[in-house]
Structure formats: structure tokens, C-alpha cells
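J.: Quick note: the sequence shown uses our numbering, first residue 14, plus one each step. The structure under discussion is supplied below as C-alpha cells; questions concerning it will follow.
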Amino acid sequence: MNDRKTILDWSSQGALTDAGSALILAGVRPTAHAWRRFLDRLLLWSGALSLAAAVVFFVAYNWIDLGRIARFAMVEVLVLVAVLGYWRLGADTAAGKACLLVASILLGALLALFGQTYQTGADTWQLFATWTALMTPWVLIARFAGLWMLWMAVANVAIILWFQVFPGRFATGFGTDGPWWAVFGFNTAALLAWELAARRLAWMRERWAARLLASASGVSITILLLQAIFGDGGGVPAVAAWPAYAIWLAAAYWAYRVRTQDLFVLSGACLSIIVVAAASLTRLIGDGGWAGSMLLTAMVVIGLAAAFGTWLKSVAQPEAP
């Protein structure tokens, strides 16, 4: 953004005659090759995900018309073809990674098909836990951030469903907040491990994956704090949520402002603070029935949004030497 502003300032002063070419040379404006590469990747991943979804919907819609052998054969053959495509196209190509992504999604469909056909009586969380376990070897060898994020999503679902089946586990002190504490701990540990591993592994330096993990961690701790604010105020969650939230904010500031700079994570942290501030103010004055409570809350939200917006703008535009 700073390079763009500098080039546009030079152009307005007459120092540059072709600002468009300067923006392309500076890497601010994408070239025609960059656009073709973007469209190629967009169509590739959209097609891969659409193919996997189409197989699932086709089997579900034609469940009665398709026999048991036909259902299994269709999904198993496609999984095999996808794995062979990954082996044939290569582990470092985008097409090969797309094949392995399709195989991983169809693996979950195959497990669901098996459970639905034979009525094994397994709980839903076991499906997702088994899916996570079976995907693990592919995830480890793929060196592909997208597949890791799929693995994380399936693992998160397995954790939440496990707590729904066994609500009494870890209920002492944690109550109904157990799933969110587990999800928060799991995603925060995954984010820490990802950032540490990214120092040594180049393929893990794609920022969107770390930002997705940071978002999952931030959303879960924010939900925990909101439950503590609007809950009865007792038990471990209410006591631990505030210090855990403060530690999370301090760690996010140190990691993504002091040590490095990531405006996406900082913006998410600012949004979380605004939500928590609005919820706290609503809890303090909302029960009193004051007619202007909503107006006051709106003013606080607007003020915080303006303050954080100014701060983020200053972070994005470092001072010139």
C-alpha cells in the first residue's frame, strides 16, 4: 500500500509519465500472467471441490436407485483415481494436491456411506474421528496447507460432537463450556505449532492458513468470554475466561505487531474487543431498562471502531525514515 501511494504521488507531481507500468513493476498491480495464474488456480480448486460435492450429492439423491455395490464402487473407484492422480501428477503440483484433497473429502463420504449402509451404530463423532485418523498419513506427506486446514476442520467437528455425546465429561467446573475450551486449546496449540514450523518449512508460510487458525482461536475464546459475561458468573469458565482472553490478546499483539506484522489478525483482535466491550456494556446497563442503553452501546462501538481503524491505518503505514 505504501508503494502504491508513493507511485501515485510521483505521478501526480509529474515525475512519472506511466503510473500503470510503474505499479506493475513494483508488484502492486498484477500482470496479465498473474491474472491467468489466479484464474487457473481458482478454476482448479473450484472444480475439485465441486467434483467432490457432486459425488456426495449424487449418491445421496440416488440412494434408492443405486444398489449397495454400485454406491461403494463409485466412491471407492473415485478415491483410487484421485490417489493415482496425485501420484501421477506429482506432489508439488497444484493439480496433484487438488487430487489428494478430493480423495480426502471422498474418504469421509465413504465412511458415512459405510455407516449408513450397515447401520454400525457408531456415534457421529466416531465418523469424524476416524476420518481424521485415516487422513493423517496423507496430510503428513502432502506438504499442502489446504489439506491441513481440512484436517483441522474435521478434527474440530469431532471434538465438538464428542462433547455432545459425553456431556458429563469434564463437566465439573467447566459445565457446558467444555467444548469451547477444548476447541480453543486445540486451535491455539495448532496455531503455535504452525507458526513455529513455518520458520523452517517454506510450504507452511502461506499466511492464509495461519490466519484461519488464529481466527478459530480468537472466535472460540471470544465465545467463551461472552458466555462468561451473560452466564451466572460462577464456576471455572467465568473465572478463567477473562485472564485467558487477556493472555490471548497480549500474545496476539506481541506475535503479530511486535515480532511481525499481520493486519488481518490484529483486525480480528480489534473486532473481538469491540464485541466484548458491547456485550459487557449491555450486561451492565441493559437489565436496567434504560431507554438510551442501546444508543450508548452504539456510540461506544462507533468510538472503538474509529479508534481501532486509526490505529490499524498507522500500523499499515509505517513512518517514513
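We put the beta carbon where it would ideally sit given N, CA and C, even for glycine.
#1: Would you call the CB atoms of Val69 and Ala142 closer than 8 angstroms?
#2: Let me know if Ala320 comes out buried or exposed under the rule of 16 or more other beta-carbons within 10 Å of its beta-carbon.
#3: When DSSP labels each residue in this structure, what does Arg212 get in the three-state scheme?
#4: Between the Cα of Ile234 and the Cα atoms of Ala259, Trp216 and Arg213, which residue gives the shortest distance?
#5: Take Asn200 as the anchor and find which of Arg213, Ala211 and Ala222 has the nearest alpha-carbon.
#6: Rounded to the nearest angstrom, what separates Ala268 and Ala206 at their Cα positions?
#7: Am I right that Arg156 and Ile242 are in contact with their C-beta atoms under 8 angstroms? What's the rounded C-beta distance?
#8: Run through DSSP, which three-state label would Thr185 get?
#9: Within 10 angstroms of the Cβ of Gly80, are there 16 or more other Cβ atoms? Answer buried if so, exposed if not.
#10: Using DSSP with H/G/I as helix, E/B as strand and the rest coil, what is Thr106?
#11: Going by C-alpha to C-alpha distance, which of Phe179, Gln177 and Ile118 sits closest to Met162?
#12: Using alpha carbons as the reference points, say which of Trp216, Ala171, Asp190 and Asn75 lies closest to Ala104.
#13: Applying the 10 Å Cβ sphere with the 16-neighbour rule, what's the burial state of Ser327?
#14: Have a look at Ala253, Phe197 and Thr137 and flag the residue whose alpha-carbon is nearest the alpha-carbon of Ala229.
#15: Buried or exposed: where does Ser285 fall if 16 or more other Cβ atoms within 10 Å of its Cβ makes it buried?
#16: Which residue comes first and which comes last in the alpha helix (DSSP H) that contains Asn169?
#17: Can you tell me which of Gly60, Leu317 and Asn169 puts its alpha carbon nearest to the alpha carbon of Leu140?
#18: Give the C-beta separation of Leu126 and Val167 to the nearest angstrom, bearing in mind that I take them to be a contact with Cβ-Cβ under 8 angstroms.
#19: What is the DSSP secondary structure of Trp221, counted as helix, strand or coil?
#20: Are Ile298 and Leu309 close, meaning C-beta to C-beta below 8 angstroms?
#21: Could you compute how far the alpha carbon of Arg101 sits from the alpha carbon of Val92?
#22: By alpha-carbon positions, which one of Phe85, Trp164 and Ile287 ends up nearest to Leu238?
#23: Could you check which residue in Leu113, Val152, Val252 and Ala282 has the C-alpha nearest to that of Trp58?
#24: Give the range of the alpha helix (DSSP H) segment to which Ala292 is assigned.
#25: Can you list, in chain order, the residues of its chain whose CB lies under 8 angstroms from that of Ala291, leaving out five sequence neighbours each side?
#26: If we count the other Cβ atoms within 10 Å of its Cβ and call it buried at 16 or more, is Ala1 buried or exposed?
#27: Does Thr273 come out as helix, strand or coil in the three-state DSSP assignment?
T.: Let's see:
#1: no
#2: Exposed, because fewer than 16 other Cβ atoms sit within 10 Å of the Cβ of Ala320.
#3: Assignment of Arg212 by DSSP, reduced to helix, strand and coil, places it in the coil class.
#4: Measuring from the Cα of Ile234, the nearest candidate turns out to be Ala259.
#5: Looking at the Cα atoms, Ala222 is the closest of the given residues.
#6: 13 angstroms
#7: Arg156 to Ile242, Cβ: 42 angstroms. No contact.
#8: Legend: pLDDT at Thr185 = 48, less than 50; position of this residue unreliable, value from coordinates given subsequently. The answer is helix: DSSP assigns Thr185 an H, G or I state.
#9: exposed
#10: coil
#11: Ile118
#12: Comparing Cα-Cα distances from Ala104 to each of Trp216, Ala171, Asp190 and Asn75, the minimum goes to Trp216.
#13: With fewer than 16 Cβ atoms within 10 Å of its Cβ, Ser327 is classed as exposed.
#14: Here the closest residue by C-alpha is Phe197.
#15: By the 10 Å Cβ count, Ser285 comes out buried.
#16: From DSSP, the alpha helix (DSSP H) with Asn169 extends over Ala158 to Val178.
#17: Asn169
#18: That pair is no contact at about 16 angstroms.
#19: helix
#20: Their beta carbons are under 8 angstroms apart, which means Ile298 touches Leu309 by this criterion.
#21: Their backbone Cα atoms lie some 14 angstroms apart in a straight line.
#22: Ile287
#23: Leu113
#24: Leu276 to Ile298
#25: Thr310, Val313 and Val314
#26: As displayed, the chain neither begins before 14 nor continues past 334, which places residue 1 out of reach and without an answer.
#27: coil
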